[in-house]
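Encoded as structure tokens, the structure appears first; notes follow it.
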Amino acid sequence: MTEDLSPAERYAAARQRAAEQATALASFREMYDFGLDPFQIEACQALEAGKGVLVAAPTGSGKTIVGEFAVHLALQQGKKCFYTTPIKALSNQKYQDLAKRYGADKVGLLTGDNSVNSDAPVVVMTTEVLRNMLYAGSQALINLGYVVMDEVHYLSDRFRGAVWEEVIIHLQESVTLVSLSATVSNAEEFGDWLDTVRGDTEVIVSEHRPVPLFQHVLAGRRMYDLFEEGEGSRKAVNPDLTRMARMEASRPSYQDRRRGRAMREADRERERRQRSRIWTPGRPEVIERLDSAGLLPAITFIFSRAACEAAVQQCLFAGLRLNDEEARARVREIVEARTASIPDEDLHVLGYYEWLEGLERGIAAHHAGMLPTFKEVVEELFVRGLVKAVFATETLALGINMPARSVVLEKLVKWNGEQHADITPGEYTQLTGRAGRRGIDVEGHAVVLWQRGFSPEHLAGLAGTRTYPLKSSFKPSYNMAVNLVEQFGRHRSRELLETSFAQFQADKSVVGISRQVQKNEEGLEGYKESMTCHLGNFDEYARLRRELKDRETELAKQGAVQRRVQAAAALEKLKPGDVIHVPTGKFAGLALVLDPGLPAGRTNGHRGFEHHDGPRPLVLTAERQVKRLASIDFPVPVEALERMRIPKSFNARSPQSRRDLASALRTKAGHIVPDRHRKGRAPAADDREITRLRAELRAHPCHGCSEREDHARWAERYHRLLRDTGQLERRIEGRTNTIARTFDRIVKLLTEMDYLRGDEVTEHGKRLARLYGELDLLASECLREGVWNDLNPAELAACVSALVFEARVSDDALTPKVPSGKAKAALGEMVRIWGRLDALEEEFRINQAEGVGQREPDVGFAWAAYQWASGKGLDEVLREAEMPAGDFVRWCKQVIDVLGQIAAAAPHDASSTVARNARKAVDQLLRGVVAYSSVG
262 MTEDLSPAER YAAARQRAAE QATALASFRE MYDFGLDPFQ IEACQALEAG
312 KGVLVAAPTG SGKTIVGEFA VHLALQQGKK CFYTTPIKAL SNQKYQDLAK
362 RYGADKVGLL TGDNSVNSDA PVVVMTTEVL RNMLYAGSQA LINLGYVVMD
412 EVHYLSDRFR GAVWEEVIIH LQESVTLVSL SATVSNAEEF GDWLDTVRGD
462 TEVIVSEHRP VPLFQHVLAG RRMYDLFEEG EGSRKAVNPD LTRMARMEAS
512 RPSYQDRRRG RAMREADRER ERRQRSRIWT PGRPEVIERL DSAGLLPAIT
562 FIFSRAACEA AVQQCLFAGL RLNDEEARAR VREIVEARTA SIPDEDLHVL
612 GYYEWLEGLE RGIAAHHAGM LPTFKEVVEE LFVRGLVKAV FATETLALGI
662 NMPARSVVLE KLVKWNGEQH ADITPGEYTQ LTGRAGRRGI DVEGHAVVLW
712 QRGFSPEHLA GLAGTRTYPL KSSFKPSYNM AVNLVEQFGR HRSRELLETS
762 FAQFQADKSV VGISRQVQKN EEGLEGYKES MTCHLGNFDE YARLRRELKD
812 RETELAKQGA VQRRVQAAAA LEKLKPGDVI HVPTGKFAGL ALVLDPGLPA
862 GRTNGHRGFE HHDGPRPLVL TAERQVKRLA SIDFPVPVEA LERMRIPKSF
912 NARSPQSRRD LASALRTKAG HIVPDRHRKG RAPAADDREI TRLRAELRAH
962 PCHGCSERED HARWAERYHR LLRDTGQLER RIEGRTNTIA RTFDRIVKLL
1012 TEMDYLRGDE VTEHGKRLAR LYGELDLLAS ECLREGVWND LNPAELAACV
1062 SALVFEARVS DDALTPKVPS GKAKAALGEM VRIWGRLDAL EEEFRINQAE
1112 GVGQREPDVG FAWAAYQWAS GKGLDEVLRE AEMPAGDFVR WCKQVIDVLG
1162 QIAAAAPHDA SSTVARNARK AVDQLLRGVV AYSSVG
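In our numbering, the protein residues as written are 262 to 1197.
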């Protein structure tokens, strides 16, 4: 090729090669035994040129290479590099990788749990640790040259996303930022913002997967390709799948048959033929099918922890074995080495032997409920090829380096914390991104199991869509406010918040709303013309009609409120043992009151403070269900039909207890027919205002118009559009300076509480500045009021747990157990303080629904934290907490984290024991399974 070049061209090419050899990128490339992709080279060149970079690329494409080049540059230039990740497990993994490459003396680790060589030139940390460093003005920030933010798309996370923006905004200008993100559809918009707040930033987007991904559907014994083979970029859905979906849709459902619909013999024959081809294969069947097709190792995503564990058991019971004897021996060797520090009695509690049996056969679960050590072992064995089938929840998709040849999705629906919802294209891309191991597989495979009601077109839409927009979840917090004011003063802090990505997106969205307002104004002119009446002012007539309708609606609401008040008053009279008839709702019918569930101040039990919306009686229904009902179940007043004695031995958790008492209830009161509630005369019938408005309507000239109802329809459209336009205008007003206005409200509340005085941060404010977390202000107020002063370390751990714990599923029927004595009194006092803060937040219009403010403390982990800090055994604590070991460890570590903050923030004078007891509580919690190091 070079022979065809002229001497001058050869000389120029030689000079270019020499220049490239002299770059840091050239020496970096020599460290790897594979060539870099074009997007990696482009990003590295931009970094070496002194620019910041945003790299958006699919999972598994190797974008972390760019982050590692930033580490290389920092070491070469004698500067520091901080490598941040969203989760501790990913930090631990990255620390291991970098320590292996650059030496353990040059790499450190900082997470909430671990501190290893924190003065090293390269430190891997969670993003929260860097945020805390920035606010504290840490000496470690001196000579910081590069910050890598891995998985930066986490800033969309509604709970933690604000931390990423805080870091990006507050980092010194001299620091070069490397942002690594999954493929997002608005990378350019995010890049524009980074350009605004960080200076020159190169945006590099790659949608190319290094290992191509093939999509399949597994139905019965056969695996179908989702897309038809064909030319062009637009793929057609496999017609076989479309035909099968159509056939299944025409098949009578089980409910149809139960309703008594007779099926003709021909229909039965057709259904038998269909059943022989289409069914949802069982989990062992799926793994065997993948194994026979050479598609293992595979990760099967199941959106339930219990289902992941059940899947492993199903495979074991089916006799599935994916490892030979040599692999089994290697698995046992690795597992025993990694779990050597765990005492034998704890191994029994943790289900170690059942877990090991699955691992030896090459099968495992992976979810947040597992002990961190167990999860890490599964990850290690999977990467080594010694575990070939993993059943995991979606948390595995969050950055952990655990690629597979195939990914299986059982369903395209998951529980999002509030309801069962379809997974989004972004989630589908993230999950299936694990399929295909670079350098090992020539192709990856995504397999979706056939389910009843399956739509091939819906799946094709998920697989073919790349819309995963990055949306800011940034909101100011109390801790953020005092830290900003202390560093920059109120005015400069306000300006800084205006530079957030949240405000950047809000400002851009206003342009489209303004255009809509202009269109609406043009439409209003046309509607006004159409509603004109030759007999008089129809606008005036339409106003009278609206006033009449509004008055009727208002009276109807007043009647409903009155009925609710009467119903609540009747509920307050109920006593344990009253037999009632629940008038409506899911649990309508005969019921026995176990606990009246009265609001605050009306019961001696500690449960009373929880019901702010009126009585919530706990009842046993005639169908043996124990449920806590709400006011919505009682639209009309209810009264006791009969009385019954509740046995002292009654246990709401015992099916036998419930069955016996429900039987006695039916015997005692099953024959009683409740009185029907009679409605009184409607308030509107006697209302003077309604009488006046009806008279004015009849007297108006337009009332006699033959086209009156046509005009009225146009008038209704006019006023609806006018109302919508007003709302749009308020949205424009609301989106301008939104973040700063929220900050102003927070500052006013903190000033009212003497945390701030103008630009001065008071002693109380300085304490708040050291408390990070969702309930920062509540923790600060507890310290201020001495709520924890007389508590021992175990009692303090119990109280602090209420600041961090949030139950995965709320269970109103069961009262959480809490320690008695001083701890119980302190927890009650914490709830009282929260009630006062909640009222203050309402007064200052600080809205929890918008992600700002203090949620109610949750005492659900208090007993477990108290027991563990008191030295109880793991078996006893887990049994009473009814909680998986992984969840227990995670909550303990979060309690330890906040206890550390409290130890630093609490007064250190001789009269205060809180700081000393917080440190003791940390030592008492940090033992056994909680203390097993996840590094090394």
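Glycine included, every Cβ here is placed at the ideal spot set by N, Cα and C.
Nearest to residue 845 by alpha-carbon distance, out of 498, 1166, 891 and 593, is 891. Cβ-Cβ separation between residue 922 and residue 853: approximately 7 Å, consistent with a contact (criterion under 8 Å).
A straight line joining the alpha-carbon of residue 835 with that of residue 919 spans about 20 Å.
Taking the Cβ atoms as the reference, residue 709 lies roughly 6 Å from residue 720, within the contact range of under 8 Å. For residue 1009, the uninterrupted alpha helix (DSSP H) run begins and ends at 999–1013, by DSSP. If you keep only unbroken alpha helix (DSSP H) runs of at least 4 residues inside the region 719–804, you get 739–759 and 762–791. The beta carbon of residue 496 sits closer than 6 Å to those of 488, all from its chain and outside the five residues before and after it, given in chain order. For residue 598, the enclosing alpha helix (DSSP H) starts and ends at 586–599. Counting only residues of its own chain and dropping the five nearest sequence neighbours on each side, residue 1166 has a CB closer than 6 Å to the CB of 1028, 1031 and 1032. Just measuring C-alpha positions, the residue of 603, 608, 621 and 475 sitting nearest residue 594 is 621. Between the alpha carbons of residue 509 and residue 1185 lies a gap of roughly 59 Å.
Residue 465 places its beta carbon less than 9 Å from that of residue 304. Runs of the alpha helix (DSSP H) lying entirely within the region 333–392, each at least 4 residues long, are 349–363 in chain order. Of all alpha-carbon atoms in 616, 952 and 323, the one lying nearest the alpha-carbon of residue 293 is that of 323.
Residue 640 sits buried, since 16 or more C-beta atoms from the chains shown fall within 10 Å of its C-beta. Put simply, the backbone Cα of residue 723 is about 9 Å away from that of residue 688. The beta carbons of residue 336 and residue 342 sit closer together than 9 Å. For residue 625, there is no enclosing alpha helix (DSSP H); the residue is found in the beta strand (DSSP E) stretching over 624–627. Taking 9 Å as the cut-off, the beta carbon of residue 695 is found no closer than this to the beta carbon of residue 717. Boundaries for residue 484: no alpha helix (DSSP H) harbours it, while the beta strand (DSSP E) harbouring it runs 483–486, taken from the DSSP string. Residue state for residue 288 is assigned as helix, using DSSP reduced to three classes. In this structure, residue 313 sits away from residue 475, with a CB-CB distance that is not shorter than 9 Å. DSSP, read as helix, strand or coil, puts residue 915 in coil. Under DSSP, residue 904 forms a beta bridge with 839.
Annotated three-state conformation of residue 476 is strand, per DSSP. Taking residue 471 as the centre and dropping the five residues before and after it, the same chain places the C-beta of 322 and 699 closer than 6 Å to its C-beta, in chain order. Residue 614 counts as exposed, since fewer than 16 other C-beta atoms from the protein chains shown sit within 10 angstroms of its C-beta. With contacts defined as CB atoms closer than 9 Å, residue 436 and residue 406 qualify as a contacting pair. Annotation: residue 973 to residue 811 spans about 16 Å, alpha carbon to alpha carbon.
With respect to the 9 Å criterion, residue 961 and residue 797 are classified as neighbours on the basis of their beta carbons. A check of alpha carbon separations from residue 847 across 817, 829, 858 and 880 identifies 880 as the nearest.
Here residue 462 is buried: its Cβ has 16 or more other Cβ atoms, across all protein chains shown, within 10 Å. Burial check for residue 385: the Cβ neighbour count within 10 Å reaches 16 or more, so the residue is buried. The criterion of a C-beta distance shorter than 9 Å is not satisfied by residue 1149 and residue 1124. Checking the DSSP bridge columns, you'll see residue 706 partnered with 475 and 667. As computed with DSSP, residue 1161 is found in no beta bridge at all.
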